[in-house]
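Working notes, beginning with the structure itself.
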Amino acid sequence: MTSRFSLYSRLIRPLRFLRREAGQSMVELALLLPVMVFGLIGAADLARAYALQLAVQNGARAGAEAYAIDYAKNQAQAITRARTEMSQTPGLNSANATINLTVAQADGTSCVVTPPTVADPCFVTVRVRYQFNTLVAWPIVPNQANFDRATVMRLFY
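Numbering (the working numbering), first residue to last: 25 to 181.
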């Protein structure tokens, strides 16, 4: 019986210790849980901002590329291509984006040679602006960010 008793006491004594500590663990969890949730939602908002910023940059690139390689025959089609690229990102409403397209030489003057030549190149600039709003109105940190991206490409046609 002595061996059983020693085995029993070796197994049960640690469990008694855990039973007494369970209340403390619950209090610690209750104190830490709001901080963890705050951090998790903040990280999700930050990831969402990063994804939308990439979508704005990709929209500017797609619009400039479409116009530069003559995939889009006019400016409206290039802007539509930029909106289509941006709309592939969940959570981004491309109708809320402001898209400007300009065609000019390197010094900003109008293109005079059509099609542009190596000696007299023309460049297309697509600028996309989008206002990002966080999911949660955070205290202290800003709740809005303005994404403004531009892509410049040389015309190839």
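The beta carbon of each residue, even a glycine, is placed where N, CA and C say it ideally should be. Remember, it's a predicted structure, so these values are computed and weren't measured experimentally.
For residue 93, there is no enclosing alpha helix (DSSP H), as DSSP marks it with neither H nor E.
Using a 10 angstroms sphere on the CB of residue 86, the tally of other CB atoms reaches 16 or more, which defines it as buried. Three or more pairs of CB atoms, one per stretch, sit closer than 8 Å, so the stretch 69 to 76 contacts the stretch 107 to 121.
The stretch 151 to 159 and the stretch 127 to 141 do not touch, with fewer than 3 CB-CB distances between them shorter than 8 Å.
In the three-state DSSP reduction, residue 99 falls in the helix class (H, G or I).
Apart from the 5 residues on each side of it in sequence, residue 177 sits with its Cβ closer than 7 Å to the Cβ of 88, 89, 92, 147, 148 in its chain, given in chain order. For residue 123, the enclosing beta strand (DSSP E) starts and ends at 122 to 128.
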